[in-house]
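Peer 1: Be aware that the sequence shown starts at 12, since it is given in my numbering, and climbs by one per residue.
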Amino acid sequence: MYSSRMNPLPPPSRLVSEKLGLPAGRSRGFHVVWGPHGVSQWVLEALCPLLEGAAKVYWVDAANRFDAHGFAKAAQVLGLDPRATLSRVHLARTFNAFQLAALVAGKLPRLPVAPVVLADPLAPFYDADLALEDARRAFDRLRFGLADVPGPVLVLLVDRPAPPDRGFFSALLLDQAQTVTRISGTATALAEVPRGSGPPPSVGISATGRISGTGLPVLEN
Numbered sequence: 012m013y014s015s016r017m018n019p020l021p022p023p024s025r026l027v028s029e030k031l032g033l034p035a036g037r038s039r040g041f042h043v044v045w046g047p048h049g050v051s052q053w054v055l056e057a058l059c060p061l062l063e064g065a066a067k068v069y070w071v072d073a074a075n076r077f078d079a080h081g082f083a084k085a086a087q088v089l090g091l092d093p094r095a096t097l098s099r100v101h102l103a104r105t106f107n108a109f110q111l112a113a114l115v116a117g118k119l120p121r122l123p124v125a126p127v128v129l130a131d132p133l134a135p136f137y138d139a140d141l142a143l144e145d146a147r148r149a150f151d152r153l154r155f156g157l158a159d160v161p162g163p164v165l166v167l168l169v170d171r172p173a174p175p176d177r178g179f180f181s182a183l184l185l186d187q188a189q190t191v192t193r194i195s196g197t198a199t200a201l202a203e204v205p206r207g208s209g210p211p212p213s214v215g216i217s218a219t220g221r222i223s224g225t226g227l228p229v230l231e232n
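1) What does Arg-248 pair with, by DSSP beta-bridge criteria?
2) Report yes if the C-beta distance between Pro-163 and Pro-135 is below 8 Å; otherwise report no.
3) Between which two residues does the alpha helix (DSSP H) harbouring Pro-163 extend?
4) Grouping DSSP H, G and I as helix and E and B as strand, with all else coil, what is Leu-31?
5) Hey, how far is the Cα of Leu-129 from the Cα of Gly-64?
6) Using 8 Å as the Cβ pair cut-off and three pairs as the minimum, do the region 96-107 and the region 71-83 touch?
7) To which residues of the same chain is Val-50 closer than 7 Å at the C-beta, ignoring the five residues directly before and after it?
8) Which partner residues of Leu-129 appear in the DSSP bridge assignment?
9) Just to confirm my understanding: we take Arg-25, look at its own chain, exclude 5 residues before and 5 after, and list those with CB closer than 8 Å. What are they?
10) Report back the beta-carbon spacing between Ser-28 and Leu-62 to the nearest angstrom; my notes put them in contact at under 8 Å.
11) Could you spell out where the beta strand (DSSP E) holding Arg-193 opens and where it closes?
12) Which word fits His-42, buried or exposed, when buried means at least 16 other C-beta atoms lie within 10 angstroms of its C-beta?
13) Kindly indicate which three-state DSSP category Gly-46 falls into: helix, strand or coil?
14) For Gly-64, which of helix, strand or coil comes out of DSSP?
15) Of the choices Lys-30, Leu-122, Ala-173, Leu-114, whose alpha-carbon is the least far from that of Pro-161?
16) Return the first residue and the last residue of the alpha helix (DSSP H) that Ser-181 is part of.
17) Alpha carbon to alpha carbon, what distance is there between Leu-55 and Pro-22?
18) Using the beta-carbon count (16 or more within 10 Å), is Phe-155 buried or exposed?
19) Note down the Cα distance separating Lys-118 from Val-124, rounded to an integer number of angstroms.
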């Protein structure tokens, strides 16, 4: 049976623990982890050893890519009960920018305080069918709403080309964040970037494993 109190946390879990204050849950603030496709699953699996006892997390899936099977498998590898561990992840899926903004600004501030993971929030704002003015309005509600969330928030940004005239969305989130941690294709960048300083450098440490097809580090047993 895995216990983070008895075994050292793997590097990905230490990073997530620091940002979200888990398992104690005594933290707050807005942090960004930024990396290639697969970064959301990387963080999801890193949560496994942190969800002990009564710990829970709100996971907002803005791109409809939550992988419950992958999470359960990671929990099983660590000797945890997959069903019990998964039950501590309170999942909310949104399907467009307006739903996402309404959830973050309207519902999250009223829920019992717990860490929040906001997975790939820019995906709906890059929708070609969403008018730029509507995207701006929904995005402003989202980012101002983040300030009202009482618990710690970890925003996961995915490297992808921004559509014309929409690159400023990621810049605004990076500027608003207290810390930014870059995940490269081969390593975890541990350098934290001060607010307003732009994209973070890719300063890495050697990885011990990979998520298939992404080159991202994975959890070790």
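Glycine included, every Cβ here is placed at the ideal spot set by N, Cα and C. Values in this document were obtained by computation on a predicted structure and should not be read as measured data.
Peer 2: In short:
1) Here the chain covers residues 12 to 232 and nothing more, so residue 248 does not appear.
2) Here residue 163 refers to the residue found at position 152 of the sequence shown. Here residue 135 refers to the residue found at position 124 of the sequence shown. No, the Cβ-Cβ distance between Pro-163 and Pro-135 is not below 8 Å.
3) In the sequence shown, counting from the first residue as 1, residue 163 sits at position 152. Unbroken run through Pro-163 is the beta strand (DSSP E), 163-169; no alpha helix (DSSP H).
4) Locating residue 31 in the sequence shown gives position 20, counting from the first residue. The answer is helix: DSSP assigns Leu-31 an H, G or I state.
5) As a first step, residue 129 is located in the sequence shown; it is residue number 118 there, counting from the start. As a first step, residue 64 is located in the sequence shown; it is residue number 53 there, counting from the start. Taking the CA atoms as reference points, Leu-129 sits about 23 Å from Gly-64.
6) Yes, since at least three Cβ pairs between the region 96-107 and the region 71-83 fall closer than 8 Å, the two stretches touch.
7) In the sequence shown, the residue the question calls residue 50 occupies position 39. Cβ neighbours of Val-50 within its own chain (closer than 7 Å, five residues either side excluded): Val-44, Leu-167, Val-169, Ile-194, Leu-227.
8) Looking up residue 129 in the sequence shown gives position 118. BP columns for Leu-129 point to Val-71, Val-166.
9) Numbered from 1 along the sequence shown, position 14 holds the residue referred to as residue 25. Apart from sequence neighbours up to five positions away, no residue of its chain approaches Arg-25 with a beta-carbon distance below 8 Å.
10) Here residue 28 corresponds to residue number 17 of the sequence shown, with the count starting at 1. Here residue 62 corresponds to residue number 51 of the sequence shown, with the count starting at 1. About 11 Å separates the two Cβ atoms, so there is no contact after all.
11) In the sequence shown, the residue the question calls residue 193 occupies position 182. 190-193 is the extent of the beta strand (DSSP E) around Arg-193.
12) For the purposes of this step, residue 42 is taken as residue 31 along the sequence shown, with counting starting at 1. Under this definition His-42 is a buried residue.
13) Working through the sequence shown from its first residue, we reach residue 46 at position 35. Strand, per DSSP.
14) Here residue 64 refers to the residue found at position 53 when the sequence shown is read from its first residue. In the displayed model, Gly-64 falls within coil according to three-state DSSP, outside both helix and strand.
15) Here residue 161 refers to the residue found at position 150 of the sequence shown. Of all alpha-carbon atoms in Lys-30, Leu-122, Ala-173, Leu-114, the one lying nearest the alpha-carbon of Pro-161 is that of Leu-122.
16) Here residue 181 refers to the residue found at position 170 of the sequence shown. Counting along the chain, the alpha helix (DSSP H) containing Ser-181 begins and ends at 179-187.
17) Residue numbering aside, residue 22 sits at position 11 when the sequence shown is read from its first letter. Residue numbering aside, residue 55 sits at position 44 when the sequence shown is read from its first letter. Just so you know, the alpha carbons of Pro-22 and Leu-55 end up roughly 14 Å apart.
18) Locating residue 155 in the sequence shown gives position 144, where the first residue counts as 1. Answer is exposed; the Cβ neighbour count stays below 16.
19) Within the sequence shown, residue 118 is the residue found at index 107, counting from 1. Within the sequence shown, residue 124 is the residue found at index 113, counting from 1. Going from the Cα of Lys-118 to the Cα of Val-124 covers about 12 Å.
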